[in-house]
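First comes the structure, then the notes that go with it.
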Amino acid sequence: MQSHLTSTRGISDSLPRYDSLVAMLYASVERTPDRTALICEGRSLSYAELGRAVTGLALRLREAGHTGERLAVMLPNSIETVVASFAVMAAGAQLAPLNPFFTHRELLPIVSAAEFAAIICSEEMREKAGALASEAGVKSVLPLVQGDVDRLSSGAQAGACEPLPAPGSPALLIHTGGTTGAPKGVDHTHRSLLFSIYQHATMWPMEFGGERFLSVAPMFHIWGLGYATFVPVYASGTNIIVPRYDPERVLRALADHKVTVFGGGPAPIYAGLASHPLTNTLAFSSLKYSLTGGAPSSAELHRKWRELTGCDLYEGWGMSEGAPLCVNPGDREPRPMSVGHPVPETELQIVDLERGDRVLPLGERGEVRVRGPQVMRGYRNRSGETAATLRDGWLYTGDIGYVDSEGYVYLADRKKDMIISGGYNVYPREVDECLVTKPGIAEAAAVGKPEERLGEVLVAFVALETGVSMSEEDVLTYCAERLVKYKRPVEVHFVDSLPRTGVNKIDRLALREMAISIMT
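In the UniProt record's numbering, the protein residues as written are 1 to 520.
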């Protein structure tokens, strides 16, 4: 049988549908005006207050002539970020969230290429934004502070900011993480983002007006924006915002606010929370969904989290170019290490790595390609890369995976991360998973390093648990007992912690540079 899956579920007929994310927001304002929409560090906004703040700011943006333009939002997780994000779209402009913690050097090429009309930022980011605007030719910098939102939310401005955006109009320009190259700007319409929301809500059903969401993902990331910002508004839920990940603050927020949906993100987040002493002293009985992705969650982590909280971990998979793509649905027991099944109205195939036009048999590894209504329109001003990634309606994800006999999808690695050593394909993720099974290793990652005879060899970076001592030979011997020779690391380097990107994924680019720079 071939590795060709078509979702067996359609989008639920009971779910409300809208023409734009802005219409979605105003529907929740009308449906539940007095319900608390946002909570952040002791502050809160009801849906009525959120609606007024969005309308007020959107009118200001329109008066400044920003309709039809691209506006950057450079803010940390906050109430202001949610208001600014919806206000940009309500003004008829395209939202472009930026990582406010990036350096000037990291942000400048992104800002220059995107041709922003303005940057909305916090007061703390005004100087950085001003320097970027000056160098990249951005017309204006618009600081948005707590007092601005408080005045807007308590003002007299009510009702929708007409006209509302059309379904096919540009809604979002979000940049890829840049872990395998320079960040690319991904164009999404209101239609593609709404389908993403419907797919999430079908696979993980919610009680409209009754859920309390918490996420630690940054709102400049597709998960932190798409699920942790847009989905709560769609469901007329309460969104508890944690500005920066801190295990103790997250655990207390989960318990104190009786959170029902926790968008925790990558497995290291859950591992950190599960190992914190507070986890054994707080109650998490309200949790219905604990959602994870971006890094595989081991069977042991699944077991430990369920034991501590009474809630299963549901793993999913998506990317800036399209999210979600696959998830473990809420009405089935999750399958550890699998990203589950394709979401509604989505097809998935595993194809050969050379040409990408031959569908492989079940169980065989190849590139994962998908097609569905949630997929991007393309990369901004990168026609060549768009043509290479979107072919005949298929999104070539760059992920290597396989499908088992029960239709579960597994990811092996990123295509760009694959190492060819002595003519053999090696998937670093498989090596990572072997390394972390050794007692005393907290986390590990393997990368390729050029080698004259074999082309590439594997180099492992290992972080040990506190108080543990281990030698390179210990690790090499462990791998020799569990991996065929061409998959074994030839070097092991011990580090305090692995470098991570702004969205908490292992930064393999940084590790490759480290591997090449280390003299052996």
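Idealized CB from N, CA, C, for every residue including glycine.
Simplified DSSP state of residue i, which is helix, strand or coil
i: Phe262; result: strand
i: Ala228; result: helix
i: Ile110; result: helix
i: Thr202; result: helix
i: Met74; result: strand
i: Asn280; result: helix
i: Leu509; result: helix
i: Val368; result: strand
i: Asp413; result: strand
i: Val343; result: coil
i: Gln374; result: coil
i: Ile120; result: strand
i: Thr180; result: For Thr180, the predicted model reports a pLDDT of 49, less than 50, meaning its position is unreliable and no value from the coordinates is stated.
i: residue 522; result: Not covered by the structure: residue 522. The range shown for the chain is 1 to 520.
i: Met319; result: strand
i: Tyr234; result: helix
i: Pro167; result: coil
i: Ala160; result: coil
i: Met383; result: The sequence given here has Ser at residue 383, not Met. Three-state result, Ser383: helix.
i: Thr189; result: strand
Cβ shell of residue i (< 8 Å), same chain only, five flanking positions each side left out
i: Leu251; result: Leu273, His276, Leu278, Thr279 and Leu282
i: Ser286; result: Arg212, Lys258, Val259 and Thr260
i: Ser46; result: Pro33, Asp34, Arg35, Thr36 and Ala37
i: Tyr245; result: Val216, Ile269 and Asn504
Residue i classed as buried or exposed, judged by whether at least 16 other C-beta atoms fall within 10 angstroms
i: Thr466; result: exposed
i: residue 569; result: Any property of residue 569 remains undetermined from this structure, which presents the chain solely from 1 to 520.
i: Leu92; result: One point to set straight first is that residue 92 is Gly, not Leu, in the sequence displayed. So Gly92 counts as buried.
i: Tyr314; result: buried
i: Tyr18; result: buried
i: Asn239; result: buried
i: Ala299; result: exposed
i: Tyr424; result: exposed
i: Arg488; result: buried
i: Gly51; result: buried
i: Val233; result: buried
i: Arg151; result: exposed
i: Gly384; result: exposed
i: Met1; result: exposed
Close-in-space but distant-in-sequence residues of the same chain around residue i (CB under 6 Å, 5 per side omitted)
i: Ala90; result: Val22, Val54, Ala58 and Cys161
i: Ala201; result: Leu15
i: Met206; result: Ala235
i: Gly455; result: Ile420
i: Pro336; result: Ala299 and His302
Cβ-Cβ distance between residue i and residue j below 7 Å
i: Ala129; j: Val145; result: no
i: Tyr396; j: Gly448; result: no
i: Val370; j: Leu325; result: yes
i: His66; j: Ile110; result: no
i: Lys415; j: Glu367; result: yes
i: Val431; j: Val339; result: no
i: Thr346; j: Gly372; result: yes
i: Leu511; j: Ala442; result: no
i: Ala118; j: Ala96; result: no
i: Gly316; j: Gly293; result: yes
i: Phe116; j: Ala72; result: yes
i: Ser7; j: Ile350; result: no
Own chain, CB closer than 7 Å to residue i, minus 5 neighbours either side, in chain order
i: Gly363; result: Tyr402 and Asp404
i: Ile518; result: His493
i: Cys434; result: Cys479, Arg482 and Leu483
- request: Output the residue ranges of the beta strand (DSSP E) runs that lie fully inside the stretch 457 to 497 and measure 3 residues or longer, sorted by chain position.
  value: Those beta strand (DSSP E) runs which fall completely within the stretch 457 to 497 and span 3+ residues are 489 to 494.
For this session: At 3 residues or longer, and completely inside the stretch 34 to 78: list those beta strand (DSSP E) runs for me, N to C.
Result: Taken in chain order, the complete beta strand (DSSP E) segments of 3 residues or longer contained in the stretch 34 to 78 are 36 to 40, 43 to 46 and 70 to 74.
Q: List in chain order: all unbroken beta strand (DSSP E) runs of 3+ residues lying wholly within the stretch 387 to 452.
A: 394 to 403, 409 to 414, 419 to 421, 424 to 426 and 441 to 451
### 4 or more residues per run - each alpha helix (DSSP H) lying fully within the stretch 283 to 338
299 to 309
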